[in-house]
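In the working numbering, the protein residues as written are 2 to 568. A virtual CB, placed ideally from N, CA and C, is assigned to each residue, including glycine. Just so you know, these numbers come straight off a predicted model, no measurement behind them.
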């Protein structure tokens, strides 16, 4: 089964690595042009303070050279097939001006063109957005997919009720559903009944279980067999006809005869009555009803307003701290409706990987793309936590450094992304200012690695620093030792892009040893990027458990014997 995770600009990845008509379903949840910076919040394992924050992405689009280039590509490269789209974008830019909104829409347009290209003829696309730009995006999608291939505007109630400042409170997101052609994958999917619904309607019970009674007739008289009398009851007198339940709605224990389709409605009703599936009223002359058992009730066919899937609460075990995280249940509903097991699902803005997790759980292949190493690290941790998947073994990770030369290239291009990537190699969570959401360079900490001792009782931590420059000195190690003491950390880890000096290793040895049983471990360890790429990892007590992405609540669960790891 296909499993690929890409680090990089999704436009480049789509053009260079994703073939034409190779994807069955696309789900994308792009930034909404809200001009906000979004932070990932990491819980404080000690239980003190609000937790560390680090910027996940900056939801700000501005007109510039890249936007000009994108508009030019639509006008020239796609003129033959999507000429009207280019005309619309030109008109829109002239009308709105060259600003953040027009930049956002132009940049989305070139990506949506590529997503249309990679979709199979039977494929579907779901674009998750908010009312800020959904109306503009729909017009763009109409130009690319064709208005006739627009299937639904799905509304999801994304938050609980709250007050609005001189306007109706905004509590929903919009999901635009398009297909590539009129022959597309669609599986009838049902919303499970709520507890209140069951309590209100399923008020009967017998030896076979809980059931409710429903009518056996439908509106409108019929001159055919369904309008003929049965057991002396003529539905046509009430302008009705017999409506026998479909086989899918019958309980599993009912044995469907092979000639069911050939039987008349009256013969089918006889079989249902013989099986005890018809409720006869005590009053003579009353109309019989069908006994619909709860076990056979699949629920209501999914509607285009979703209110039964709540947003993730702050206490949810599913929550990772990622700012725009959506519930897995929402993605599973989309995937169940518009894909089949073995199909390939693509998320080009995969964030913390909810779509990939839903695809994995439902037996679909997946391709995820994100432009930050923070997202890639979170997804890898999530896949290991939930499914036991290991990068390189169970799925490919592409676009990340695989050798020292590419690591140096990443550092030169973007030192911050290099830092996030290096922290991911040791399984450490990035560290940031709990108040301002900035990364924690001023505190002497780039990352934190939390672990439990082999007995599973004591929670320990290691402070991590990443040094990508060429100028390394023993003073860096002395500074890290000071941070270790200040933070009461069991270990300090220094990750270096260049080879450390002899003096640095001597300073590291002065930090002493951490002892567990008869074993001892250096408290301050220096690991080069080359070491980490070769598979070397921090030397921690054998049997200790890395819980760097574990949520605070798990500590209570583990004391109660529940050892499931949580973020």
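Return yes when the Cβ of residue j is within less than 8 Å of the Cβ of residue i, no when it is not.
{"i": "residue 73", "j": "residue 79", "result": "no"}
{"i": "residue 539", "j": "residue 520", "result": "no"}
{"i": "residue 63", "j": "residue 101", "result": "yes"}
{"i": "residue 485", "j": "residue 464", "result": "yes"}
{"i": "residue 451", "j": "residue 462", "result": "yes"}
{"i": "residue 148", "j": "residue 300", "result": "no"}
{"i": "residue 68", "j": "residue 104", "result": "yes"}
{"i": "residue 430", "j": "residue 445", "result": "no"}
{"i": "residue 30", "j": "residue 117", "result": "no"}
{"i": "residue 340", "j": "residue 365", "result": "yes"}
{"i": "residue 549", "j": "residue 453", "result": "no"}
{"i": "residue 363", "j": "residue 342", "result": "yes"}
{"i": "residue 305", "j": "residue 26", "result": "no"}
{"i": "residue 373", "j": "residue 418", "result": "yes"}
{"i": "residue 210", "j": "residue 294", "result": "yes"}
{"i": "residue 159", "j": "residue 178", "result": "no"}
{"i": "residue 7", "j": "residue 399", "result": "yes"}
{"i": "residue 95", "j": "residue 144", "result": "no"}
{"i": "residue 423", "j": "residue 303", "result": "no"}
{"i": "residue 357", "j": "residue 421", "result": "no"}
{"i": "residue 367", "j": "residue 4", "result": "yes"}
{"i": "residue 174", "j": "residue 157", "result": "yes"}
{"i": "residue 212", "j": "residue 203", "result": "yes"}
{"i": "residue 531", "j": "residue 405", "result": "yes"}
{"i": "residue 24", "j": "residue 124", "result": "yes"}
{"i": "residue 469", "j": "residue 416", "result": "yes"}
{"i": "residue 455", "j": "residue 517", "result": "yes"}
{"i": "residue 115", "j": "residue 12", "result": "yes"}
Just to check my reading of the structure: residue i and residue j have Cβ atoms closer than 8 Å, yes? What is that Cβ distance to the nearest angstrom?
{"i": "residue 122", "j": "residue 186", "result": "Going by Cβ atoms, the distance from residue 122 to residue 186 rounds to 10 Å, so no, they are not a contact pair."}
{"i": "residue 14", "j": "residue 377", "result": "Not confirmed; about 12 Å, so no contact."}
{"i": "residue 351", "j": "residue 380", "result": "7 Å"}
{"i": "residue 587", "j": "residue 141", "result": "Because the chain is modelled from 2 through 568, residue 587 falls outside the range shown and cannot be assessed."}
{"i": "residue 313", "j": "residue 326", "result": "6 Å"}
{"i": "residue 534", "j": "residue 427", "result": "At roughly 12 Å, the Cβ-Cβ gap does not stay under 8 Å, so residue 534 and residue 427 are not in contact."}
{"i": "residue 134", "j": "residue 107", "result": "With a Cβ gap of about 12 Å, residue 134 and residue 107 do not count as contacting."}
{"i": "residue 215", "j": "residue 291", "result": "5 Å"}
{"i": "residue 359", "j": "residue 336", "result": "5 Å"}
{"i": "residue 242", "j": "residue 221", "result": "6 Å"}
{"i": "residue 297", "j": "residue 252", "result": "4 Å"}
{"i": "residue 180", "j": "residue 150", "result": "5 Å"}
{"i": "residue 113", "j": "residue 91", "result": "That pair is no contact at about 17 Å."}
{"i": "residue 479", "j": "residue 508", "result": "6 Å"}
{"i": "residue 217", "j": "residue 282", "result": "That pair is no contact at about 12 Å."}
Could you name the residues that DSSP lists as bridge partners for residue i?
{"i": "residue 242", "result": "219"}
{"i": "residue 369", "result": "6 and 348"}
{"i": "residue 547", "result": "452"}
{"i": "residue 517", "result": "520"}
{"i": "residue 430", "result": "449"}
{"i": "residue 156", "result": "175 and 306"}
{"i": "residue 206", "result": "211"}
{"i": "residue 19", "result": "Beta-bridge pairing links residue 19 to no other residue."}
{"i": "residue 526", "result": "494"}
{"i": "residue 26", "result": "125 and 346"}
Check whether the stretch 265-277 touches the stretch 228-235, taking contact to mean three or more Cβ pairs, one atom from each stretch, closer than 8 Å.
-> Three or more Cβ pairs closer than 8 Å define a contact, and the stretch 265-277 meets that threshold against the stretch 228-235.
Fill in: the stretch 521-534 contacting the stretch 495-503, beta-carbon criterion three pairs below 8 Å
With a cut-off of 8 Å, the stretch 495-503 and the stretch 521-534 count as touching, because enough Cβ pairs lie within range.
When the Cβ atoms of the stretch 407-418 are set against those of the stretch 502-516, are three or more pairs found closer than 8 Å?
-> Too few Cβ pairs lie closer than 8 Å, so no.
| message | Counting beta carbon pairs with one atom in the stretch 12-26 and one in the stretch 383-390, are three or more of them shorter than 8 Å? | response | The stretch 383-390, when compared against the stretch 12-26, does not touch it at the 8 Å Cβ threshold.
In chain order, what are the residue ranges of uninterrupted alpha helix (DSSP H) at least 4 long that sit wholly in the stretch 373-410? Listed in chain order, the complete alpha helix (DSSP H) runs (minimum 4 residues) inside the stretch 373-410 are 374-388.
Check whether the stretch 237-249 and the stretch 269-288 touch, using three or more Cβ-Cβ pairs below 8 Å as the test.
Yes, they touch.
Worksheet entry | Complete runs of the beta strand (DSSP E) confined to the stretch 166-198 [at least 3 residues] | Entirely contained in the stretch 166-198, the beta strand (DSSP E) runs reaching 3 residues are, in chain order, 173-180.
request  = Within the stretch 281-314, note down every full beta strand (DSSP E) run reaching 3 residues or more, in order along the chain.
outcome  = Listed in chain order, they are 290-294.
With a floor of 3 residues, list each beta strand (DSSP E) that falls wholly inside the stretch 314-361, ordered by position along the chain.
For the beta strand (DSSP E) assignment, the uninterrupted runs of no fewer than 3 residues enclosed by the stretch 314-361 are, from N- to C-terminal side, 345-348.
- Query: Which ranges does the alpha helix (DSSP H) cover as unbroken runs of at least 4 residues, wholly within the stretch 432-497, from first to last along the chain?
  - Reply: Segments of the alpha helix (DSSP H) lying fully in the stretch 432-497: 475-488.
- prompt: Along the chain, which unbroken stretches of the beta strand (DSSP E) at least 3 residues long are found entirely within the stretch 103-153?
  reply: Correct list: 120-130.
Quiz prompt | Entirely enclosed alpha helix (DSSP H) segments - the stretch 225-280, minimum 4 residues | solution = Taking only runs of at least 4 residues, the alpha helix (DSSP H) segments lying wholly in the stretch 225-280 are 266-275.
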